[in-house]
Amino acid sequence: MSQTVRLRVNSAARDPERFPLEDEALGAAIFARLCALLEKGLPRPAYLVFREDRVEQVDALAVLRLPPPHSQRMLSAIAGQEGVLCVALAAPLTLRTGPSTGARCAVVFVEWPDNRWWTAWQPLSDDRELLGDEPAIRMATEGWPKPGGVGGWFAMARREALTLRIERHSDEGATVH
């Protein structure tokens, strides 16, 4: 079954000073950028695709609005493209704190093809101020369980042999099938 989703994708050369190669440094750099954006307003969720020589930023809102499991399958198809080194979701999200309660947080989740992941989150006030001294950081390499609702994108892409066809439109972003 084919489904068409219109996405805005921006691409730029990968600057290793802005987006380091080391796992923890990359995650921290993405989290710092998300925090800087929060100072200007509430940023839209972004899905960052890291390749050896460039970074693609996908406006993830259209994908996240798809009903499950379509949203996870689309993110997996994007991650499963040839040459992707890692992907990251960076967004202000509501994290569940109970069955019917949640807290708005600044969240970054980074995943690599070998199923390693790194995540950071920090609660936000109603006016987008970070609450607390620093974010909570967890990594697969330290034995933490993967947070629910994110990740597993590379494994799903391999398991389901997901493919992605992108038609680029310079002024309108890309149409993804």
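According to my numbering, numbering within the sequence shown proceeds without interruption in unit steps and concludes at 396.
Quick reminder that beta carbons are idealized off the backbone N, C-alpha and C, glycines included.
Within 10 angstroms of its Cβ, does residue i collect 16 or more other Cβ (buried), or is it exposed?
i	result
G370	buried
G338	It should be noted that the sequence gives Thr, not Gly, for residue 338. T338 comes out buried.
P354	buried
Which of helix, strand or coil does DSSP assign to residue i?
i	result
W372	helix
D242	helix
L312	strand
S230	strand
Q341	strand
V395	With a pLDDT of only 45 at V395, under 50, the local geometry of the prediction cannot be trusted, and no value is derived from it.
Q300	coil
E330	strand
R225	strand
E348	coil
A265	strand
A380	coil
R252	helix
E353	coil
The ligand MN and residue i: does the residue's C-beta get closer than 7 angstroms to at least one heavy atom of that ligand?
i	result
T313	As for the ligand MN, it is missing from this structure, which has no ligand bound.
Quick check on this structure: which residue in the options has the alpha carbon closest to the alpha carbon of residue i?
i	options	result
P235	M293, A248, G368 and N229	A248
E348	L261, F328 and D242	L261
Report, in whole angstroms, the separation of the C-beta atoms of residue i and residue j, which I expect to be a contact under 8 angstroms.
i	j	result
W336	A325	Not confirmed; about 17 angstroms, so no contact.
Original post:
Taking one C-beta from the stretch 294-311 and one from the stretch 244-263 each time, how about it: are there three or more such pairs within less than 8 angstroms?
Top reply: yes
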